[in-house]
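*Asks:* Would you mind keeping the following structure in view while I ask a few things?
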Amino acid sequence: MTAPLLSLAQILNRLALTARRTLREHHPAPDGICPVCRTAGCEVAAAAREVLATITQLRWHHRGAGSVARPDESAGPTWEPSSR
Ligand SMILES: [Zn+2]
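To convert, take the position in the sequence shown, counting from 1, and add 51; that gives the numbering used here.
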């Protein structure tokens, strides 16, 4: 029980990372078939997209709705760990 508790920001960051990676792995082939699930309209990818969208919204809300850039284009370090 020595693992430090994660802050909400860290949790969201990890979630986003996982979702992004999932999306990459479940990226449909040109014929629309997911290479992992071998189905069209992969539900895993859809779920990952939803997670990402939700996290993005949370992030904007968190940051204050002032400066707006396109969410998905910032592939770099996404979340500054706000140490309080
Ligand atoms: Zn899939």
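Glycine included, every Cβ here is placed at the ideal spot set by N, Cα and C.
Nearest to V95 by CA position, among R110, P79 and S58, is which residue?
*Replies:* Against the sequence shown, residue 95 aligns to sequence position 44. Of the candidates R110, P79 and S58, the one whose C-alpha sits nearest the C-alpha of V95 is P79.
*Asks:* Please report the distance separating the alpha-carbon of A99 from that of Q108.
*Replies:* Within the sequence shown, numbered from 1, the residue matching residue 99 stands at position 48. Within the sequence shown, numbered from 1, the residue matching residue 108 stands at position 57. Approximately 14 Å, taken between the alpha carbons.
*Asks:* Any chance you could list the residues with Cβ under 5 Å from a heavy atom of ligand 1, keeping chain order?
*Replies:* Ordered along the chain, the selected set is H77, C85, V87, C88, C93 and V95.
*Asks:* Identify the residues that DSSP records as bridge partners of I84: which are they?
*Replies:* One-based indexing of the sequence shown puts residue 84 at position 33. Per DSSP, A91.
*Asks:* CB-CB under 7 Å to V102, same chain, minus the five flanking residues each way: which ones, in chain order?
*Replies:* On the sequence shown, residue 102 is found 51 positions in, with the first residue counted as 1. Excluding residues within five positions, the ones whose Cβ falls inside 7 Å are L66 and A70.
*Asks:* In three-state DSSP terms, what is R100?
*Replies:* Position 49 of the sequence shown, counted from the first residue, corresponds to residue 100. It is helical.
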